[in-house]
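Notes follow the structure.
Structure (structure tokens):
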């Protein structure tokens, strides 16, 4: 009687291989899962992945994501990458990795890959470090403590550094070109651009005092210093700091009112804006008196007066022809105003079928009208086009009203002076006339003013 044993071939037969991975059951540690044939532990019959190695450039305890790595290995072509490098490989593969960050930091490492995942830091060091000695003195000429130095290398790949200044302790920095800024609480900053060479010490001797400094938060600001001949001159670099406290300087900026400032330590100066011109046109008809801010203005032909005023508040007085009207005008810079006793006509816009925005010509007329209606409140009145269902017509009319409202708002008209009314039914006119919207003046007096009885 023959007995059959699992995993053992009968005489003359092939060995059993349940997972068909080429490894007989009797030698297969994972009979139900096929071996991953990747050159790593292929004899155990189990699936596996190659171990991972990761190289990370480090300087000052922090990872440098912009450093450039050159990776050489015994089983793959050379690789260049920025920041950390990660790869899988067979145990025993030799890696040689070098790393550089700009012209100032380098590092390298050689390692043989093992059979477990691992992360290998590459500690970077400065190239050819040199010394910078800083000897700050205060107003009394003695050593000034609490000074901080910030070094910014012109090479963007080189890290910046912020270091405390200590007596007889030079700073070690890599060779290169640096912008150096020295700060101390209560004093004006000092700035230099220095060249640092290996083996040569750089010495900085800043003297801190209550030096004049002037900040003008206005684009294009200029400071003029007095000249012995009585004229203002633009200062050269550092000249402002050389002036004595109590010196008067002139500060100017485009669109601002110039000011004379007496230097007194650190100062921040805000210049007032220059009032901008506003166009105001008066159409007063027959009038005996036209006054603006108490100044008599002679009406021109047909009672039209065109003025250029500064922005702000102005008083208007018109008398004659049975009227005596006094009003206060609030004029905004960059706007044009038209004052008339006649209420303007309603403005009519026509729309295409199913369109919610006026054509370009209609939009241009809206914007032009907006520049002249600064003295009136207006109602936006859409009409039902009578082209579909009641809900369709209502929505289309309301959408047209909102489109026109937005155009007027974008043109600078306050929302408080614009009213959107319910759609009106238009039973007369053809289909084109029913696709209209009217802008109707509802107030013919200036905001916040009443005619004098």
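In the numbering used here, the protein residues as written are 16 to 468.
Glycine is no exception: its CB is placed at the ideal position from the N, C-alpha and C atoms.
Model, not experiment: these values are computed from the prediction.
Using the three-state DSSP reduction, which class does residue i fall into: helix, strand or coil?
i, result
"residue 180", "coil"
"residue 124", "strand"
"residue 223", "coil"
"residue 252", "Caution applies to residue 252, whose pLDDT of 40 falls short of 50 and renders its modelled position unreliable; the value that the coordinates give is listed next. Three-state DSSP puts residue 252 in coil, outside helix and strand."
"residue 159", "coil"
"residue 382", "helix"
"residue 39", "coil"
"residue 313", "coil"
"residue 372", "coil"
"residue 446", "helix"
"residue 377", "helix"
"residue 273", "coil"
"residue 168", "strand"
"residue 67", "strand"
"residue 346", "strand"
"residue 58", "coil"
"residue 328", "strand"
"residue 77", "strand"
"residue 231", "coil"
"residue 208", "strand"
"residue 334", "strand"
"residue 341", "strand"
"residue 52", "coil"
"residue 22", "With a pLDDT of 46 at residue 22, under the threshold of 50, the modelled position of that residue is not reliable, and no figure is offered here."
"residue 296", "strand"
"residue 468", "Note that residue 468 has pLDDT 30, beneath the 50 cutoff, so the model's placement of it is unreliable and the number below is only indicative. Reduced to three states, the DSSP call for residue 468 is coil."
Taking buried to mean at least 16 other C-beta atoms within 10 Å of its own C-beta, is residue i buried or exposed?
i, result
"residue 407", "exposed"
"residue 36", "buried"
"residue 438", "buried"
"residue 375", "exposed"
"residue 251", "Because residue 251 sits at a pLDDT of 46, beneath the cut-off of 50, its placement in the model cannot be relied upon, and the following sentence gives the value as read from the coordinates. That one is exposed."
"residue 373", "buried"
"residue 191", "buried"
"residue 452", "buried"
"residue 218", "exposed"
"residue 342", "buried"
"residue 313", "exposed"
"residue 449", "buried"
"residue 186", "buried"
"residue 47", "exposed"
"residue 200", "exposed"
"residue 418", "buried"
"residue 145", "buried"
"residue 311", "exposed"
"residue 368", "exposed"
"residue 400", "buried"
"residue 50", "buried"
Just curious, the alpha helix (DSSP H) that residue i is in, first and last residue?
i, result
"residue 286", "Looking at the DSSP string, residue 286 is not in any alpha helix (DSSP H), and its letter there is neither H nor E."
"residue 97", "Note, residue 97: premise wrong, no alpha helix (DSSP H); beta strand (DSSP E) at 91–97."
"residue 406", "405–425"
Going by DSSP, what residue range makes up the beta strand (DSSP E) through residue i?
i, result
"residue 88", "83–88"
"residue 432", "No beta strand (DSSP E) contains residue 432, which DSSP labels as neither H nor E."
"residue 215", "Element bounds for residue 215: n/a, residue is neither H nor E."
"residue 192", "191–198"
"residue 110", "109–116"
"residue 104", "No beta strand (DSSP E) holds residue 104; DSSP gives it neither H nor E."
"residue 187", "186–188"
Cβ of residue i within 8 Å of Cβ of residue j?
i, j, result
"residue 193", "residue 120", "no"
"residue 361", "residue 455", "yes"
"residue 116", "residue 79", "yes"
"residue 147", "residue 211", "yes"
"residue 106", "residue 132", "no"
"residue 420", "residue 393", "no"
"residue 91", "residue 71", "no"
"residue 266", "residue 238", "yes"
"residue 140", "residue 166", "no"
"residue 436", "residue 371", "no"
"residue 32", "residue 44", "no"
"residue 158", "residue 182", "yes"
"residue 84", "residue 96", "yes"
Which partner residues does residue i have in the DSSP bridge list?
i, result
"residue 267", "237"
"residue 452", "364 and 397"
"residue 44", "Answer by DSSP bridge pairing: none, since residue 44 is not bridged."
"residue 133", "68"
"residue 152", "158 and 222"
"residue 141", "120"
"residue 306", "311 and 332"
Strictly under 8 Å for the Cβ-Cβ distance: is residue i near chain D by that measure?
i, result
"residue 134", "This model lacks chain D altogether, as it is built from one protein chain only."
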